[in-house]
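Numbering (the working numbering), first residue to last: 44 to 244.
Don't be surprised by glycine CBs; every beta carbon is placed ideally from N, CA and C.
Remarks on the structure that follows.
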Amino acid sequence: MEKRPTRERILDAAHELWTTVGLARTTTKEIARGAGCSEAALYKYFAGKEELFVAVLSERLPELAPLLDRLSADPGKGTVEENLTEIARQAALFYAESFPIAASLYAETRLKARHDASMRRLDAGPHRPLEQLDAYLRAEQAAGRVDAGADTFAAASLLLGACAQRAFAYDAKAGKEPPRDVDTFASSIARTLMGGIAVRT
């Protein structure tokens, strides 16, 4: 059987280790060992752990950022409520997978500060989905499909905040199942949000 490309194996190993051990406690040496390559080979593909973290978020976790980019670039497709439902679904899945990875950073103040500085350099971080969703809602507002008086940033914050809170409050792996499945949750969040941002007639 053909061996997977080195970069793919590095992403897989990082994702697996960060999910089980945590970001803060995993070294690049351990990731390289898990990928079956040298640490030098890892650094050929990624400048450091932070760049690898961004790649894992964008390539191994549910596709929240690409979805938001697509919708912002081409508003007017589907209904706004349908789009918000899919955004909420992807966001709920994304936060459920990314929280366990990043949680260990909060235990080490110095490491978190270094990580945050790297995220700013890479123009990445938890603010990006919020800015992307706000951009999408503003595009729909300009197209006349969201009320002209709606606060798009507040609406984006409410939707993503609800999805992040769901991931924080419930952990299926630890036996704490959310009271609603992700599809029911997403459609309910979108429908509720539309009550505040729908075009007034």
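- Listed in chain order, the beta strand (DSSP E) runs fully inside the stretch 61-94 amount to none, counting runs of at least 3 residues.
- Of the residues assessed, D226 falls on the exposed side of the cut-off, its CB having fewer than 16 other CB atoms within 10 angstroms.
- Taking the Cα of D224 as reference, the smallest distance to any Cα among G192, R188, A207 and R132 is reached at R132.
- Taking 4 residues as the shortest admissible run, the stretch 172-221 contains the following complete alpha helix (DSSP H) segments, listed from N- to C-terminal end: 195-212.
- Rounded to the nearest angstrom, the Cβ distance from L180 to A199 is 6 Å, consistent with a contact under 8 Å.
- Closest in C-alpha terms to Q208, from the list F96, L136 and L111, comes L136.
- If you look at T128, you'll find it in the alpha helix (DSSP H) that goes V123 to A145.
- DSSP, reduced to helix, strand and coil, places P109 within a helical segment of the structure shown.
- Cβ contact annotation for E82 (same chain, cutoff 8 Å, sequence separation greater than five): T71, K72 and A75, in chain order.
- Going by C-alpha positions, E140 is about 8 Å away from T62.
- Around the beta-carbon of E183, 16 or more other beta-carbon atoms lie within 10 Å, marking it buried.
- Contact between the stretch 233-244 and the stretch 186-203 is present: three or more C-beta pairs spanning the two stretches fall below 8 Å.
- Pairing G91 with R52 gives a Cβ-Cβ distance that is not under 8 Å.
- Cβ neighbours of L114 within its own chain (closer than 6 Å, five residues either side excluded): N126 and Y179.
- Per DSSP, reduced to three states, the secondary structure at T244 is coil, with no helix or strand assignment.
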